[in-house]
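In the working numbering, the protein residues as written are 78 to 519.
Structure record follows, encoded as structure tokens.
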Amino acid sequence: MSVVVEKYDLVIRNTRIRGRPYDKTFDIAIVNDRIEDIKEHINGHGEVEIDAKGRLVSPAFFNMHHHLDSVLTIGDPKYNESGTLWEGIAIWAEYKKKITEEDILRRVEEYIKWHVAYGTLFIRTHADTTEKTLTTVKALVKARELFKDLVDIQVTAFPQDGIMTEPENAEYLRKAVELGADNVGMIPHNEYTREDAVKSIEVAFKIAKEYDRDIDGHVDETDDPISRNLEVVAKYTLKYGWQGRVTAGHVTASHSWDPAYRYRIMPLIRKAGITIIANPLINIYLQGRFDFYPKRRGMAPIKLYLENGINVALGHDCVLDPWYPLGVGDMLQALFMAIHVDQMMGWSDLFKALDLITYNAAKAWRKGYEDYGVEKGKKANLVILNGLTDVDVLRILGPPLYVIRNGKLIADNTGPERQLKVFYKGKWEVVDTYFHRATQPR
Ligand SMILES: [Zn+2]
């Protein structure tokens, strides 16, 4: 009598799994790109075996709001000394004069490896459509294809300077979608008037409907409490039957909305099935700039939205660019900031926090949602985190130990000297996240 020993492509041993009791550990067997089995002990062995030593496994992270076109441009042509949004815009306007597809792709290629090493395998990026050449759109659509072994990218056509501010901007937005952008963006609070803001939202929805795209707007990114474009976005979401297909990024004004107004608007946002994307690192840094002390926190009230049955996820927004001088593409940093700013650190809150960069985000990402999670039959996009439970992960921070993409080990951060390693173009590569160009202030 012979005993059949099962062979798997990859087996993760001795891991805690988010969503299951933490007093037990499990083995996870992977075949091809999927989870074949999860049991307390799996017989047989894997081509690759990982001993998680009791650490927590989670589905890979999402970054739901990012500007890949500007990553790693910090200091060029100069550093932002005031640290304001406005100085950032001026520096970026200078930089943009010389931007090329090659330049964007080179920076994105370098940066994406950091992002992967830190466990984020899904990035939704904005691409500026108000540049006549649509260089960033073309480059980021290419990036989506070029780096698909490392990450899933969604590109949002983003009319940075507004849709109604120049007669041709709506046409460029449409062109960007024709060039392959996944989602239609908007920035109603940057239009000249409330009337134009409403029109711009309508234009975005028309394009989304015509090309069957989701909506991903910058909405009410201001401390101005009378910036109330989210209600208009909700109205059009219902009008076009786009429930579940709309995300509103930032919505920092909702922090400052009058409580009576918030009370009225919450059921409408829930009804429209809009996901709010907060960008905690950038919001806490760039908002509240017109306040002396006390300063507003300038981040969407995440807890309040969640309590009202509204989906919330997070973005990193910027890394080493004219608007944000820090960051390494680690979504745990964004999450760490979010739970402090919005005081979401009750003991039970801590065990839900990771949802903001995992399941909640997957819901808004939509594509492949049914395949997302640590369950038998689902795609193996996993991170083995540096902690035994969610609380450890949020306390200790830093990169995960291992990252698995579509069933393959793609990042291994267990080497000496805190080395990060990513599997790219058929070989292991040490990822250097130091910023070598940094200069000291004179
Ligand atoms: Zn943004």
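Note that the Cβ used here is the ideal one computed from N, Cα and C, for glycine as well.
#1: Thinking just about the alpha-carbon of each residue, which of 368, 512, 226 and 242 is nearest to the one in residue 483?
#2: Does the region 336–355 come within contact of the region 377–394, defined as at least 3 CB pairs closer than 8 Å?
#3: Nearest to residue 258 by CA position, among 228, 217 and 272, is which residue?
#4: Run the CB neighbour count on residue 490, radius 10 Å, all protein chains shown included, and call it buried at 16 or more, exposed below.
#5: When you compare the CB positions of residue 467 and residue 427, do they come within less than 9 Å of one another, or not?
#6: Which runs of the alpha helix (DSSP H) fall wholly inside the region 281–316 and span at least 4 residues, in chain order?
#7: Anyone know if the C-beta pair for residue 292 and residue 141 falls short of 9 Å?
#8: Anyone know if the C-beta pair for residue 507 and residue 496 falls short of 9 Å?
#9: Determine the contact status of residue 240 and residue 276, defining contact as a CB-CB distance below 9 Å.
#10: With DSSP run on the structure shown, which of helix, strand or coil describes residue 505?
#11: Look at residue 139 and residue 408 and say whether their C-beta atoms are less than 9 Å apart.
#12: What would DSSP say about residue 197, mapped onto helix, strand or coil?
#13: Please list, following the chain, all residues that have a C-beta closer than 7 Å to any non-hydrogen atom of ligand 1.
#14: Heavy atom of ligand 3 less than 8 Å from the Cβ of residue 385, yes or no?
#15: What span of residues does the alpha helix (DSSP H) with residue 248 cover, start to end?
#16: Could you check which residue in 518, 469, 486 and 232 has the C-alpha nearest to that of residue 93?
#17: Considering only their Cβ atoms, is the gap separating residue 373 from residue 300 smaller than 9 Å?
#18: Can you check DSSP and say which residues form a bridge with residue 479?
#19: If I follow the unbroken beta strand (DSSP E) through residue 391, where does it start and stop?
#20: Where does residue 187 fall in DSSP's three states?
#21: Evaluate residue 439 with the Cβ neighbour count: other Cβ atoms within 10 Å of its Cβ, from every protein chain shown; 16 or more gives buried, anything less gives exposed.
#22: Just to confirm my understanding: we take residue 205, look at its own chain, exclude 5 residues before and 5 after, and list those with CB closer than 7 Å. What are they?
#23: Going by alpha carbons, who is nearest to residue 474 out of 265, 337, 312 and 405?
#24: Which of helix, strand or coil does DSSP assign to residue 220?
#25: Could you give the distance in angstroms between the alpha-carbon of residue 517 and the alpha-carbon of residue 270?
#26: So residue 343 is in the alpha helix (DSSP H); what residue range does that whole segment cover?
#27: Taking the CB atoms as reference points, tell me whether residue 134 and residue 176 lie closer together than 9 Å.
#28: Given a cut-off of 9 Å on the beta-carbon distance, is the pair residue 282 and residue 334 in contact?
#29: Would you call the region 347–367 and the region 158–167 in contact, with 3 or more CB pairs under 8 Å?
#30: Rounded to whole angstroms, how far is the Cβ of residue 328 from the Cβ of residue 314, which I believe are closer than 8 Å?
#31: Do you know how far the Cα of residue 411 is from the Cα of residue 231?
#32: Between residue 128 and chain C, is there a C-beta pair that is closer than 9 Å?
#33: Do you know offhand how far residue 449's Cα is from residue 519's?
#34: Drop a sphere of 10 angstroms on the beta-carbon of residue 425, count the other beta-carbons inside from all chains shown, and report buried for 16 or more, exposed for fewer.
#35: Tell me the rounded alpha-carbon separation between residue 348 and residue 403.
Taking the coordinates as given:
#1: Comparing Cα-Cα distances from residue 483 to each of 368, 512, 226 and 242, the minimum goes to 226.
#2: Counting C-beta pairs with one atom in each stretch, the region 336–355 and the region 377–394 have three or more that are closer than 8 Å, which means they touch.
#3: 217
#4: Around the beta carbon of residue 490, 16 or more other beta carbons lie within 10 angstroms, which makes this residue buried.
#5: Yes, the pair counts as a contact, with Cβ atoms nearer than the cut-off.
#6: 306–316
#7: no
#8: Yes. Within cutoff.
#9: yes
#10: Residue 505: strand per DSSP, three-state reduction.
#11: yes
#12: strand
#13: Checking every Cβ against the heavy atoms of ligand 1 under 7 Å gives 142, 144, 203, 295, 326, 327, 356 and 394.
#14: Annotation note on ligand 3: not contained in the displayed structure, which lists ligand 1 as its ligands.
#15: 246–255
#16: The residue with the shortest Cα to Cα distance from residue 93 is 469.
#17: yes
#18: 461 and 489, per the DSSP bridge assignment.
#19: Residue 391: member of the beta strand (DSSP E) spanning 389–391, first to last residue.
#20: helix
#21: buried
#22: 146, 213, 235 and 237
#23: With distances taken between Cα atoms, residue 474 lies closest to 405.
#24: For residue 220, the secondary structure class from DSSP, reduced to helix, strand or coil, is helix.
#25: So the alpha carbons of these two residues sit roughly 42 Å apart.
#26: 336–349
#27: Not closer than 9 Å, so no.
#28: no
#29: yes
#30: In fact, because the Cβ distance is near 14 Å, the residues do not count as touching under 8 Å.
#31: 19 Å
#32: You won't find chain C in this structure, because it holds only one protein chain.
#33: Rounded to whole angstroms, residue 449 to residue 519 spans 49 Å at the Cα level.
#34: Answer is exposed; the Cβ neighbour count stays below 16.
#35: 37 Å
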